[in-house]
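Mapped onto the working numbering, the consecutive letters of the sequence shown carry residue numbers 313 to 635.
Contents: one structure, followed by commentary.
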Amino acid sequence: MKRYPPFYVLLLFTMGLYALPAEAQNQSPGLQFLNIGPNARSLAISEAHTAVLLGAENVFTNPANLVLQDQSNMGLAYTLWLGDSYNTQASFNYKRENDAFGFGILSSVVDDITVRQQPGPALDDFSVRYLALAGSYSRQVGPVAVGVTGMYLFEQFFEQNASGFAFSAGISSEFLDKRLRASAALLNYGEMNELNITSSEVPAFFKTGISAQLIQFSAIGTTEIPLLVYVSSDFVVPVDQKRPDPATGNLIQVDPYAAFGLNAEVYELVTLRAGYRTGDTARPISFGASISVRPVEFNYALVPFDTGFGTVHSISLQYNFNL
């Protein structure tokens with residue numbers, strides 16, 4: 313591999329990413345892979361997941377929800393993002409009577425990034441890699457569940473690498489015989505060491521959300537078809553995050569936005585999902601489905617981008633068990 317000044321390569325990569333819409337910059341400097349749903353179920357509901365029991369993946373979305381789950385569980389996920397980038401995730405939740413321990417690995421890779429000094433053949437290519445190693449603890453305190461996650465972060469860019477840390481904390485409470493859940497979480501509050509001469513931004517968020525069971529049918533007409541409909545919603549406030557203004561090119565504060573998820577479960581076997589998010593986004597809608605054959609659940613999500621950059625596909629597997 314030919315050698316180029318690291319700052320020169322970083323500058324070219326950053327300029328190229330700033331030419332994309334904000335939502336297409338999933339791997340921009342700043343570890344934005346932490347802002348992408350960790351599994352297919354999360355992506356299918358547009359990440360309206362702060363009050364949703366995702367499974368062990370709650371390590372990354374709201375650690376308080378780990379203790380609210382009925383069983384211990386583990387999850388695996390693979391997400392094919394835009395271009396030559398992909399995310400992988402593995403997590404584990406050990407549930408006890410009044411507390412739970414969680415562990416998770418989240419990685420992201422952008423392959424075949426080309427280096428050019430002028431139009432024509434590429435001078436070289438390289439990959440960008442990100443990694444988050446997380447450990448969580450969650451405890452039930454009366455009617456309230458609380459949880460905290462600590463993360464070790466790593467990024468490798470061209471011939472440079474850097475490490476850092478981040479913390480997340482959450483709170484959840486259930487009402488109406490567990491048919492309503494309200495939650496809040498501060499996610500990814502931390503910092504990175506310098507990568508060459510600058511430090512990448514860790515995308516922190518403050519989220520509040522609810523999850524509610526709306527309708528439950530035991531029969532439709534003369535046929536008994538168990539049907540459960542439930543919704544979720546999040547209000548998301550980015551914490552000190554900047555993005556380029558399309559008009560001026562200056563960095564401006566990222567605006568708050570809302571996300572909504574809809575789930576329809578039939579026979580406790582098949583679930584159809586859809587999501588919608590507001591704000592300056594290139595992926596306002598999402599869809600998904602799951603098949604559950606206890607103790608295993610398979611999930612799929614499809615997230616179309618409305619700017620011609622393509623469609624995201626994600627698959628995930630969850631296994632529930634008792635220890």
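Just so it is clear, CB atoms sit at the ideal spot from N, CA and C, and this is done for glycine as well.
Treat the numbers as computed from the prediction; the structure is a model and nothing was measured.
Host beta strand (DSSP E) of residue i (start-end)
i	result
L392	S384 to L392
F470	Segment: none, F470 is in no beta strand (DSSP E) and carries neither H nor E.
N575	Y569 to V578
R589	V582 to R589
Reference residue i; option with closest CA among the options
i	options	result
F372	N632, I425, G459 and E503	G459
L507	P538, I357 and N473	N473
N405	N399, F438, K554 and N377	N377
S495	E359, A363 and Y631	A363
S530	S523, I522 and L539	L539
L526	Y501, S511, L499 and L492	L492
I603	F621, L499 and V578	V578
D382	K407, H361 and L388	K407
R555	D592, V605 and K519	D592
S545	A570, I537 and V566	A570
V514	G521, N500 and Y631	N500
Y398	E409, M386, L380 and S419	S419
R589	Q344, N632, N611 and L355	L355
V543	V608, L365, N634 and F621	L365
Q630	P616, F621, N562 and V605	V605
S511	E536, L465, T583 and K519	L465
A613	I357, D557 and S384	I357
F599	Q344, F345 and R353	R353
E580	E409, D489, L488 and F610	F610
Residue i (DSSP reduced to helix, strand or coil)
i	result
P550	strand
N347	helix
N410	coil
T362	coil
N377	helix
Q565	strand
N405	strand
N370	helix
N632	strand
Q339	Because the pLDDT at Q339 is just 36, under 50, the model does not fix this residue reliably, and the value given afterwards should be weighed accordingly. Here Q339 sits in coil by DSSP.
G416	strand
P318	Residue confidence for P318 is low, a pLDDT of 46 falling below 50, so the modelled location carries little weight; the figure read from the coordinates is stated next. In the structure shown, P318 sits in a helix (DSSP, three-state: H, G or I).
P556	strand
D423	strand
T593	coil
S544	strand
G530	Inspection of the sequence shows that residue 530 is occupied by Ser rather than by Gly. Residue state, collapsed to three classes: coil.
G395	coil
G600	strand
G476	strand
G454	coil
A334	Below a pLDDT of 50, predicted positions are generally treated as unreliable, and A334, at 45, falls in that range; no measurement from the model is reported.
Contact test: residue i Cβ vs the ligand HEM heavy atom, cutoff 6 angstroms
i	result
K554	For the structure depicted, the ligand HEM is absent and the ligand set is empty, with no information on it obtainable.
Limits of the alpha helix (DSSP H) - the one that residue i falls within
i	result
S354	A352 to A356
| said: To test your reading of the DSSP string, which unbroken beta strand (DSSP E) runs of 3 or more residues are found completely within the stretch 602-627? | reply: 608-616
| field | beta strand (DSSP E) segments (min. 3 residues) lying fully within the stretch 483-526 | value | 492-504
| query | Does the stretch 615-630 come close enough to the stretch 349-359 that 3 or more CB-CB pairs lie under 8 angstroms? | reply | Verdict: yes, contact present.
| field | Three or more C-beta pairs below 8 angstroms linking the stretch 400-418 and the stretch 445-455 | value | yes
| Inter-stretch contact (C-beta, 8 angstroms, three-pair minimum) for the stretch 471-486 and the stretch 497-515 | yes
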